[in-house]
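> Quick one: structure below, then a few questions.
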Amino acid sequence: MSDLPTLPVTFRPGRTRAVLLTAAVAIFVIVSSIALLLDRLGPGERMSFVFLAALLAAVALMLARPKVVADDTGVTVVNFASTRRLAWAEIVQVHLRVGDPWVFLDLSDGTSLAAIGIQPGIAKAQAVADARALRALVEARSGESRD
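Here the sequence shown stands for residues 11 to 157, numbered as in the working numbering.
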């Protein structure tokens, strides 16, 4: 198949990630600035504001973490709080149905795994293209490993 992406390839929600990274920086700067500008706050209260800003920014950064990386040996799925490495033969099928929040991978052990790195939120066309590319890679690579 000539339209397969060149490996390694990383799929991630680019626009969503950009929004979240920008929000993380903005939240930290704004809340920390407020802490420094309010004269009535003592040192402990200022530190609480900065800690809260860092905590909120960390949450935004965690939400920006998801990606799916495909290479010659398999697929790495990085979700919000977990990472899972899969061999090509472990992936049976790739699904992105209408209304799904992200791609689901059907696995050879009968379970499914959410691949949050491909999500149709802000960029639906890109998510559909990424899901198709991953599906084509799975079909091509799984066939090779089963032969």
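Even glycine gets a Cβ: it sits at the ideal position worked out from N, Cα and C.
1) Among A150, V60, S58 and G127, which residue has its Cα nearest to the Cα of V102?
2) Which residue spans inside the stretch 43-128 form an unbroken alpha helix (DSSP H) run of at least 4?
3) Bridge partners for F21 per DSSP, in chain order?
4) Between the stretch 67-84 and the stretch 19-32, do at least 3 Cβ pairs fall closer than 8 angstroms?
5) Please work out which residues of its chain come closer than 7 angstroms, Cβ to Cβ, to R25, disregarding the five sequence neighbours upstream and downstream, and give them in chain order.
6) Would you kindly work out how many angstroms separate the C-alpha atoms of D116 and L62, rounded to a whole number?
7) Looking at G109: is its Cβ nearer than 8 angstroms to the Cβ of R95?
8) Figure out for me which residue from D82, V113 and V148 has the closest Cα to the Cα of R22.
9) In chain order, what residues of the same chain have a beta carbon less than 8 angstroms from the beta carbon of S152, not counting five sequence neighbours either side?
10) What do you get for L65, buried or exposed, if any count of 16 or more other CB atoms within 10 angstroms of its CB means buried?
11) How close, in whole Å, do the beta carbons of L123 and V87 come, if the pair is a contact with beta carbons under 8 angstroms?
12) In whole angstroms, give me the CA-to-CA distance for L46 and P111.
Judging by the given coordinates:
1) A150
2) 53-73
3) For F21, which the question treats as bridged, DSSP gives the partners V78.
4) yes
5) Answer for R25: I132 and A133, listed in chain order.
6) 39 angstroms
7) no
8) V113
9) Non-local beta-carbon contacts of S152 in its own chain, meaning distances under 8 angstroms to residues more than five positions away in sequence, involve W98, A99, I101 and V102 in chain order.
10) exposed
11) 6 angstroms
12) 39 angstroms
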